[in-house]
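Chemist:
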Amino acid sequence: VNTGGDGETDVRIGESVREDDVSIVNTGCGAVNTSLMELCIMIHACKIASAKRITVVIPLFPYARQDKRDKSRAPIAAKLVANMMQQSGCDHVITMDMHASLDHKCVSGIPSCYPLYAEPSVILYIRTHFTLDDIVIVSPDAGGAKRATSIADRLGVKFALFHKERKKANEVSRIVLVGY
1 VNTGGDGETD
11 VRIGESVRED
21 DVSIVNTGCG
31 AVNTSLMELC
41 IMIHACKIAS
51 AKRITVVIPL
61 FPYARQDKRD
71 KSRAPIAAKL
81 VANMMQQSGC
91 DHVITMDMHA
101 SLDHKCVSGI
111 PSCYPLYAEP
121 SVILYIRTHF
131 TLDDIVIVSP
141 DAGGAKRATS
151 IADRLGVKFA
161 LFHKERKKAN
171 EVSRIVLVGY
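Written out as structure tokens, the structure reads:
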């Protein structure tokens, strides 16, 4: 992946992918829009180079938090991202811990979506490295409460969550710890 003088992304596939199963790993780090555009161009480059199947491994699904309308005329950006990936030629998506209400239906244009979950690894890590009577599982917001309570229940430990009060979008005016 290179960037031309005009700022456009230039992708060159360095070897034949004809009839190959291709996996593209996209970390989503850095500027999300740049990363997403590079991903779509890479998918498309593999597709027109006759790849048999293209699987995208993307731990952090771009725009996953914009998975439903929160107000009139608001876009569902997560669905748009899924459509962009599908139109580029993506056959499968593997992602981690999708946002609370984002599910495989949101990426329905893509033939298959495999959401993976960190919970089993998190539980194993906590059990291995910590004394359970010193543990409280805390959710950063109400949206993560279901996951956090699941972990707390499986470990047999306490649970709490932060309740965020907002005056406007993306601006937290007050945070209250609930529970524990």
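For the sequence shown, UniProt numbering gives the first residue as 1, with consecutive numbering after it.
Backbone N, C-alpha and C fix where the C-beta goes; we use that ideal spot for every residue, glycine too.
(1) Have a look at Phe130 and Leu124 and give me their C-alpha separation to the nearest angstrom.
(2) Is Asn33 helix, strand or coil when you go by DSSP?
(3) Residues in its own chain within less than 6 Å of Ser139 by CB, not counting five upstream and five downstream?
(4) If you count every other CB in all the chains shown that lies within 10 Å of the CB of Ile48, and 16 or more means buried, which is it?
(5) In chain order, what are the residue ranges of uninterrupted beta strand (DSSP E) at least 3 long that sit wholly in the segment 41–96?
(6) If you check the beta carbons only, do residue 192 and Asn26 fall under 9 Å apart?
(7) Is the beta carbon of Ile54 less than 9 Å from the beta carbon of Gly89?
(8) Would you grab the beta carbon distance between Leu116 and Ile137 for me? Rounded to a whole angstrom, and I think it's under 8 Å.
(9) When DSSP builds the beta bridges, which residues end up paired with His163?
(10) Helix, strand or coil, according to DSSP, for Ser139 in the structure here?
(11) Does the Cβ of Pro62 have 16 or more other Cβ atoms within 10 Å, making it buried, or fewer, making it exposed?
(12) Just verifying my parser: in three-state terms, what is the DSSP assignment at Ser112?
(13) Val22 by DSSP, collapsed to three states: which one?
(14) Put Glu119 into one of helix, strand or coil per three-state DSSP.
(15) Taking the C-alpha atoms as reference points, what is the distance between Leu60 and Asn2?
(16) Count the other C-beta atoms from every protein chain shown that fall within 10 angstroms of the C-beta of Leu80, then say buried if there are 16 or more, exposed otherwise.
(17) List the endpoints of the continuous alpha helix (DSSP H) containing Ser150.
(18) Do Lys158 and Ile126 have their CB atoms nearer than 9 Å?
(19) Would you tell me roughly how many angstroms separate the C-alpha atoms of Gly143 and Thr9, rounded to the nearest one?
Modeler: The structure says:
(1) Taking C-alpha positions only, Phe130 is separated from Leu124 by approximately 10 Å.
(2) Asn33: helix per DSSP, three-state reduction.
(3) Correct list, in chain order: Ala145, Ala148, Leu161.
(4) Exposed: under 16 other Cβ atoms inside 10 Å.
(5) For secondary structure counted as the beta strand (DSSP E) over 3 or more consecutive residues, the segment 41–96 holds these complete runs in sequence order: 53–58, 92–96.
(6) No answer is possible for residue 192: the residues shown for the chain start at 1 and end at 180.
(7) Yes.
(8) With a beta-carbon spacing of about 20 Å, Leu116 and Ile137 fall beyond the 8 Å limit used to define contacts.
(9) Answer is Val176, bridged to His163.
(10) Strand at Ser139.
(11) Buried: at least 16 other Cβ atoms inside 10 Å.
(12) Three-state result, Ser112: strand.
(13) Residue state, collapsed to three classes: strand.
(14) If DSSP states are grouped into helix, strand and coil, Glu119 belongs with the helices.
(15) If you draw a straight line from the Cα of Leu60 to the Cα of Asn2, it is about 22 Å long.
(16) Taking every protein chain shown into account, the CB of Leu80 has fewer than 16 other CB atoms within 10 angstroms, so this residue is exposed.
(17) Taken as a continuous stretch (DSSP letters only), the alpha helix (DSSP H) holding Ser150 covers 145–155.
(18) No. Outside cutoff.
(19) Whole-angstrom Cα-Cα distance: 35 Å.
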